[in-house]
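Worksheet: the structure to be examined is printed underneath.
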Amino acid sequence: MAKFADSVADRAAASLLKRGRWRPAEILFWLVAFGAVYALPGHHLILNEIAIIGLFAVSLDLILGFAGIASLGHAAFFGVGAYAAGLLAIHVTADPVLGLVFATLLMAVVGYVSSFLVLRGADLTRLMVTLGVALVFGEIANKNGWLTGGADGLQGIFMAPVFGVFEFDLFGRTAFAYSLVVTFLLFVVARRIVASPFGLSLLAIRDNPLRARAIGIPVNARLSAIYAIAAAYAGAAGALLAQSAQFVSIDVLAFHRSADVLLMLVIGGTGYLYGGIVGAIVFKVLQEVISDWTPQYWTFWVGALLVVLVLVGRDRVGARVSQLWARLGRGTR
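According to the working numbering, the sequence shown is numbered sequentially starting from -5.
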């Protein structure tokens, strides 16, 4: 019996090691991303936005794709993180790294506290609770203009150079490099989380919470933990936006922020981490291209494309997408 248990443990350890192994396609993906800092000098501003919303999408994927928690109010953590970083820069310190750490930790605490509300229900109830939390934060920001600037937004943000060396410029090169490095580091951490025993327990909870609880997995504790981690990631993305734009509008807490990031995951796929980043790239590129063509109706065409993708090309594209993810990071699932 002892030998059998040791054999099972060895196989489990080997499986986790295989899941955490980096694949060549993943390395190539990140080399291309960092190469864009030098290869696309005229597009740093939009690339910075992609890096930020990509991190935001990864944060939602942690709870939706791996834990099965659907959210319509994930922008609450994104927006409050942006305000936290902006207010810290105005009233305490302009150091971007300290602001990023502060917003991330603060959102981890907020996410953990709010998780007890979210986990009380299931499915539709959770959707409504997450949406309600976002609406509450939005109304607080709107009514307390003396602190947040209200409808006019939080202005007067000035950021010191990153590590006292790299100054934020008008062309967005420093901002893009800074956001990309933060996104990559947090992605590596998220990748390690989902390829760990903790990540496997989340998949078990997502697939069958009753069975997971029956075999001894502390379901609520695990869900609270991943919800806090996802909130921290969203707060970090919001902090990056506030620091690179040096302005925070109340729009960061709007419902469409949550809807957009959910759409990115639909485009890129859930439960793979890379799906959020790829979805962010596709969404942002489509937004830029279609906005140049028809500024008033770009959301209509993006929606129409999504309908076609889901209803017509789902079966055909699904197999190809699965093969791509198998090469790009299937082991993280």
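All C-beta atoms in this analysis are idealised placements derived from N, C-alpha and C, irrespective of residue type, glycine included.
Straight-line Cα distance separating Pro35 from Leu113 = Here residue 113 refers to the residue found at position 119 when the sequence shown is read from its first residue. Here residue 35 refers to the residue found at position 41 when the sequence shown is read from its first residue. Spanning the two alpha carbons is a distance of roughly 45 Å.
query = Rounded to a whole number of angstroms, what is the C-alpha to C-alpha distance between Leu82 and Leu247?
reply = Residue mapping note: residue 82 aligns to position 88 of the sequence shown, counting from 1. Residue mapping note: residue 247 aligns to position 253 of the sequence shown, counting from 1. If you take the alpha carbons of Leu82 and Leu247, they lie about 18 Å apart.
request  = Pick out whichever of Ala45, Asp55, His38 and His37 has its Cα sitting closest to the Cα of Tyr221.
outcome  = Mapped onto the sequence shown, residue 221 falls at position 227. Nearest of Ala45, Asp55, His38 and His37 to Tyr221, Cα basis: Asp55.
request  = Following the continuous alpha helix (DSSP H) through Asp55, name the residue where it begins and the one where it ends.
outcome  = Here the question's residue 55 lines up with position 61 in the sequence shown. From DSSP, the alpha helix (DSSP H) with Asp55 extends over His38 to Leu58.
ask   = Taking the alpha helix (DSSP H) that Tyr221 falls in, what are its first and last residues?
value = For the purposes of this step, residue 221 is taken as the residue at position 227 of the sequence shown. Element bounds for Tyr221: Val213 to Ala239.
ask   = Grouping DSSP H, G and I as helix and E and B as strand, with all else coil, what is Trp66?
value = Here residue 66 refers to the residue found at position 72 of the sequence shown. Residue identity check: residue 66 is Leu in the sequence provided, not Trp. Coil.
task = May I ask you to verify whether the stretch 68 to 81 touches the stretch 223 to 240, counting CB pairs closer than 8 Å and requiring at least 3?
result = yes
message = Please return the same chain residues whose Cβ sits closer than 8 Å to the Cβ of Leu121, not counting the five positions on each side in sequence.
response = Counted from its first residue, the sequence shown places residue 121 at position 127. Around Leu121: Ala64, Ser65 and Leu66.
Contact set for Gly150: own chain, Cβ-Cβ below 8 Å, skip 5 residues either direction = As a first step, residue 150 is located in the sequence shown; it is residue number 156 there, counting from the start. Excluding sequence neighbours, Gly150 sits near Ile84.
ask   = Which of the three DSSP states, helix, strand or coil, is assigned to Val130?
value = By 1-based counting over the sequence shown, the position of residue 130 is 136. Three-state result, Val130: helix.
ask   = Would Val242 pass as a contact of Gly80 if the rule is Cβ separation under 8 Å?
value = For the purposes of this step, residue 242 is taken as the residue at position 248 of the sequence shown. For the purposes of this step, residue 80 is taken as the residue at position 86 of the sequence shown. Yes, the pair counts as a contact, with Cβ atoms nearer than the cut-off.
ask   = What residues match up with Leu34 in a beta bridge as DSSP calls it?
value = Taking the sequence shown and counting its residues from 1, one reaches residue 34 at position 40. Paired residues: none, contrary to the question.
task = List the endpoints of the continuous alpha helix (DSSP H) containing Ala198.
result = Taking the first residue of the sequence shown as 1, we reach residue 198 at position 204. From DSSP, the alpha helix (DSSP H) with Ala198 extends over Pro191 to Asp201.
inquiry  = Tell me the DSSP secondary structure of Ala27 in three-state form.
reply    = Counting from 1 along the sequence shown, the entry for residue 27 is found at position 33. Residue state, collapsed to three classes: helix.
key: Simplified DSSP assignment, three categories, for Phe160   = Stepping through the sequence shown from its first residue, residue 160 is reached at position 166. It is a strand residue.
key: Straight-line Cα distance separating Gly263 from Ile211   = Reading the sequence shown from its first residue, position 217 is the one you call residue 211. Reading the sequence shown from its first residue, position 269 is the one you call residue 263. If I take the Cα positions, the gap works out to 26 Å.
query = Taking just the CA atoms, how far does Ala225 sit from Phe50?
reply = Position 56 of the sequence shown holds residue 50. Position 231 of the sequence shown holds residue 225. Phe50 and Ala225: Cα-Cα distance of roughly 9 Å.
query = Nearest to Met153 by alpha carbon, out of Glu20, Gly29 and Leu94?
reply = Numbered from its first residue, the sequence shown carries residue 153 at position 159. Nearest C-alpha to Met153: Leu94.
inquiry  = Can you tell me whether Phe277 is buried or exposed? The criterion is at least 16 other CB atoms within 10 Å of its CB, across all chains shown.
reply    = Residue mapping note: residue 277 aligns to position 283 of the sequence shown, counting from 1. Flag for Phe277 reads buried.
message = Residues in the same chain with beta-carbon distance under 8 Å from Gln281, minus the five sequence neighbours each way, listed in chain order, please.
response = What you label residue 281 is simply residue 287 of the sequence shown in a count that begins at 1. Trp292 and Val296.
task = Could you give the DSSP three-state label for Leu113: helix, strand or coil?
result = As a first step, residue 113 must be located in the sequence shown, where it is residue number 119. Three-state DSSP puts Leu113 in coil, outside helix and strand.
request  = Go ahead and pull the three-state DSSP assignment for Ala86.
outcome  = Stepping through the sequence shown from its first residue, residue 86 is reached at position 92. First, the residue type needs correcting, since residue 86 is Val and not Ala in the sequence shown. Three-state DSSP puts Val86 in coil, outside helix and strand.
query = On the three-state DSSP scale, how would you describe Leu257?
reply = Position 263 of the sequence shown, counted from the first residue, corresponds to residue 257. Of the three classes helix, strand and coil, the one that applies to Leu257 here is helix, per DSSP.
query = By the 10 Å Cβ neighbour count, where 16 or more other Cβ atoms means buried, how is Phe71 classified, buried or exposed?
reply = On the sequence shown, residue 71 is found 77 positions in, with the first residue counted as 1. Burial call: buried.
query = Relative to the C-alpha of Leu194, which residue among Val52, Val104, Val213 and Phe178 is closest?
reply = Taking the first residue of the sequence shown as 1, we reach residue 194 at position 200. Looking at the Cα atoms, Val213 is the closest of the given residues.
request  = Please determine, among Gly62, Val260, Asp286 and Gly132, the residue with the shortest C-alpha to C-alpha distance to Ala116.
outcome  = For the purposes of this step, residue 116 is taken as residue 122 along the sequence shown, with counting starting at 1. The residue with the shortest Cα to Cα distance from Ala116 is Gly62.
query = To the nearest angstrom, how far is it from the Cα of Ala179 to the Cα of Pro18?
reply = Taking the sequence shown and counting its residues from 1, one reaches residue 179 at position 185. Taking the sequence shown and counting its residues from 1, one reaches residue 18 at position 24. A small fix is needed here, since residue 179 is Leu in this sequence, not Ala. So the two alpha carbons sit approximately 18 Å from each other.
request  = Specify, as a first and last residue, the run of the alpha helix (DSSP H) that Tyr291 falls within.
outcome  = As a first step, residue 291 is located in the sequence shown; it is residue number 297 there, counting from the start. No alpha helix (DSSP H) holds Tyr291; DSSP gives it neither H nor E.
task = Would you decide whether Thr124 is buried or exposed? Buried here means 16 or more other CB atoms lie within 10 Å of its CB.
result = For the purposes of this step, residue 124 is identified with residue 130 of the sequence shown, where counting begins at 1. It counts as buried.
message = For Leu148, tell me which candidate among Glu161, Val91, Ile261 and Ala239 has the shortest Cα-Cα distance.
response = Position 154 of the sequence shown holds residue 148. The option with the nearest alpha carbon to Leu148 is Ala239.
request  = Would you decide whether Gly312 is buried or exposed? Buried here means 16 or more other CB atoms lie within 10 Å of its CB.
outcome  = Residue numbering aside, residue 312 sits at position 318 when the sequence shown is read from its first letter. The pLDDT assigned to Gly312 is 47, lower than 50, so where the model puts this residue is not dependable; a value taken from the coordinates is nonetheless given after this. The residue is exposed, with fewer than 16 neighbouring Cβ atoms inside 10 Å.
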